[in-house]
Each structure stands twice: as C-alpha cells, then as structure tokens.
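Chemist:
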Ligand SMILES: [Zn+2]
C-alpha cells in the first residue's frame, strides 16, 4: 500500500493526539532544548535524523500514525517525514504505520494558536505536564 505525506492543522492534531496510536515527532534541532514542546512528543533532531531512523522505528512500535513537525514545518519537518516514508517503502519490516503527516505551520504555529505546550526537560517527554 502506497503511503503519502499529508498535512494536519493544529486543531486536527489536538484531537488526534488523544489517540494512543498517534506519535508526534519533533525534528527541531537545538531549539528543542530552550523552547517548549508539544506534550508527549518524541525528539529526533533533523541533523542526525537519518542515523537515528532505526531508533525512531523502535520508538514508534505499535503506532499507526506519525505526525512530524519542526519550528515552521517548511523544510526540516517535511524532509524528515519523506525520509521516513522512503525508509518504510524500502524496509522489509512489518510496520503498523498507516499515516505519515506533517503539522502545518509547525511548533510555532501550534504555540501561536494557543495550543498546550510542555516545558519539561524529560527525555523522552512523558507528556504529563500541562
Ligand atoms: Zn515535556
């Protein structure tokens, strides 16, 4: 089954994120350490994204939807999402992933829209703070 990249708005992500089968993947680089993040999101920096792909695959076992984002989701977010899609199509592994998405306007858009952010320094974020 061919998978393609689609976009979600912050409003759509807000309801999607309640589903335990959805993983949010933050691919910002150093901004992740000083800017807040979306609660429960995984962090795989775009700079090392291709090397860390096997770790990401492990981290999203059992998920069926991944939502990628960077600060604006213009370059890094979609680029990493495509790398992931390419990996999926080449991989012989049996993955449950059905949807690979990008958050429109990225983390900045999410924050400006007044969506909840998390300021913890836990790695990975447990997503329990509000
Ligand atoms: Zn957090």
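Residue numbers (our numbering): 819 to 948.
Don't be surprised by glycine CBs; every beta carbon is placed ideally from N, CA and C.
1) Would you mind listing the beta strand (DSSP E) stretches within the stretch 852-911 that are 3+ residues and don't spill past its ends, in chain order?
2) Per DSSP, which one or two residues make a beta bridge with residue 824?
3) Out of 847, 857, 825, 876, which one is the CA nearest neighbour of residue 929?
4) Report all residues for which the CB-ligand distance to some heavy atom of ligand 1 is below 5 Å; order them along the chain.
5) Hey, quick one: how far does the alpha helix (DSSP H) through residue 926 stretch, first residue to last?
6) Pull up the distance between the alpha-carbon of residue 908 and that of residue 918, whole angstroms please.
7) Enumerate in chain order the residues of its own chain whose CB-to-CB distance from residue 828 is below 8 Å, with the five nearest sequence positions on each side excluded.
Modeler: Quick look at the numbers:
1) 883-887
2) 919
3) 857
4) 936, 938, 943
5) That run of the alpha helix (DSSP H) goes 924-930.
6) 15 Å
7) 921, 922, 923, 927, 928, 931, 933
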